[in-house]
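Below is one structure, written out as structure tokens; the observations come after it.
In structure tokens form, the structure reads like this:
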């Protein structure tokens, strides 16, 4: 095997299942941490929800929506990464 | 660096340190008290309560703490019924909202840790307790809870540090915690980074201390697990 095929066929399939659990963890933590960027004025989910809540006088509604969006993103990532984990599971 | 200005305002930072410490101290305490029954509901698969605890834990671990804090501080005050209820005296104060949000968040994380720790207890320990005639409640009280709390210790030290880091968002709802003190100092004298640097050093010092304390506690309470 050339180093390239060795990497793709032998090494990669073995590192993925080992690295995936901590990657998943990191992914989920970072996903939630991005909300902090809104404090510095980045127009992310959180920023828009907060501003919309302010102008419409209905902060609860919009913040609850942000809550649900983040929860949805977490659930999608959870499922997606689990499917990936199953695909790469060592037999 | 404006060392003189920093030294002049040491009281401000001291107040910030105190605020941060009682904020996360009380949140961790309330969180732990909530987490133990929630973890037991889940580990024992109690009908409805177990599922409810799992859902609660997932929802609070799956959303940013900032959203939870804003929901409590800005969101809840939208309702007239809340503003006129007796809870308003408490809920209009940012400190109470912060402690509440941090406690609920911490409970969700700690609940998951304790649940994992309960499942990690060797079956033999539980069987031994049953064999000498302990009832289920007694096994829980004397064997499972003490063992689970000890086993959760290493993960719990991470939670303490995580909450300490997360507590900086309290400064966004006008609380003068360590970061709040740093931002106040910066704001007063149009400084760019002095306040933030002092805040960073103070957080670092607290993390260092927490780490030391937990290392000692682990050496003491987990001595029987070291091979």
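Residue numbers (the working numbering), protein chains in the order written: chain E, 231 to 321; chain Y, 3 to 229.
Idealized CB from N, CA, C, for every residue including glycine.
If you compare alpha carbons, which of Y:221, Y:45, Y:200 and Y:137 is closest to residue 10 (chain Y)? Y:200
Residue 196 (chain Y) to residue 254 (chain E) span [Cα, whole Å]: 36 Å
Which term fits residue 70 (chain Y), buried or exposed, when burial requires 16 or more other beta carbons within 10 angstroms of its beta carbon? buried
Is it right to say residue 113 (chain Y) is buried, meaning 16 or more other beta carbons lie within 10 angstroms of its own, or is it exposed? buried
Determine which residues of the stretch 51-69 of chain Y have a Cβ less than 7 Å from any Cβ of chain E, and write them out in chain order. 61, 64, 65, 66, 68 and 69
Considering only the beta carbon of each residue, do residue 219 (chain Y) and residue 155 (chain Y) sit closer than 8 Å? yes
Could you check where the alpha helix (DSSP H) with residue 106 (chain Y) kicks off and where it finishes? 96-122
Taking 8 Å as the CB-CB limit, is residue 93 (chain Y) close to chain E? no
Going along the chain, which residues of its own chain have a beta-carbon closer than 7 Å to the beta-carbon of residue 304 (chain E), five neighbours each way excluded? 258 and 261
What is the residue span of the alpha helix (DSSP H) that residue 133 (chain Y) lies within? 125-133
How would you write the range of the alpha helix (DSSP H) that residue 49 (chain Y) sits in, first residue to last? Neither: residue 49 (chain Y) is in no alpha helix (DSSP H) and is coded neither H nor E.
Does the distance from the CB of residue 162 (chain Y) to the CB of residue 203 (chain Y) come in under 8 Å? no
If you draw a straight line from the C-alpha of residue 309 (chain E) to the C-alpha of residue 302 (chain E), how long is it? 11 Å
Using a Cβ-Cβ distance cut-off of 8 Å, determine whether residue 125 (chain Y) contacts chain E. no
Let me check understanding here. Comparing Cα to Cα, which of Y:145, Y:172 and Y:80 lies closest to residue 292 (chain E)? Y:80
For the alpha helix (DSSP H) that residue 265 (chain E) lies in, which residues bound it at each end? Unbroken run through residue 265 (chain E): none, as it is neither H nor E.
Check whether chain E comes within 8 Å of residue 195 (chain Y), counting only Cβ atoms and requiring the distance to be less than that. Chain E, which has no Cβ nearer than 8 Å to the Cβ of residue 195 (chain Y), makes this no.
How about residue 300 (chain E): is its C-beta nearer than 8 Å to some C-beta of chain Y? yes
Residues within the stretch 177-188 of chain Y neighbouring chain E, beta-carbon criterion of under 8 Å: So nothing in the stretch comes that close.
C-beta neighbour in chain E for residue 218 (chain Y), strict 8 Å: no
So residue 265 (chain E) contacts chain Y; which residues on that side make the cut at Cβ distance below 7 Å? 66, 68 and 69
Specify whether the stretch 136-155 of chain Y and the stretch 112-127 of chain Y touch according to this definition: at least 3 beta carbon pairs, one from each stretch, less than 8 Å apart. yes
With 8 Å as the threshold, decide whether the Cβ of residue 111 (chain Y) is near any Cβ in chain E. no
Check whether the Cβ of residue 297 (chain E) lies closer than 8 Å to any Cβ atom in chain Y. yes
Considering only C-alpha positions, which residue in the set E:232, E:266 and E:242 is nearest to residue 300 (chain E)? Cα-wise, what sits closest to residue 300 (chain E) is E:266.
Going by other Cβ atoms of all chains shown within 10 Å of its Cβ, with 16 needed for buried, is residue 6 (chain Y) buried or exposed? exposed
For residue 177 (chain Y), the three-state DSSP class (helix, strand or coil): In this structure, DSSP gives residue 177 (chain Y) a state outside helix and strand, which the three-state scheme calls coil.
Over what stretch of residues does the alpha helix (DSSP H) that includes residue 158 (chain Y) continue unbroken? DSSP places residue 158 (chain Y) inside the alpha helix (DSSP H), whose first and last residues are 155-168.
Expressed to the nearest angstrom, what Euclidean distance is found between the alpha-carbon atoms of residue 248 (chain E) and residue 240 (chain E)? 14 Å
Can you find at least 3 beta carbon pairs, one from the stretch 163-176 of chain Y and one from the stretch 127-147 of chain Y, that sit closer than 8 Å? no
Does DSSP classify residue 89 (chain Y) as helix, strand or coil? Reduced to three states, the DSSP call for residue 89 (chain Y) is coil.
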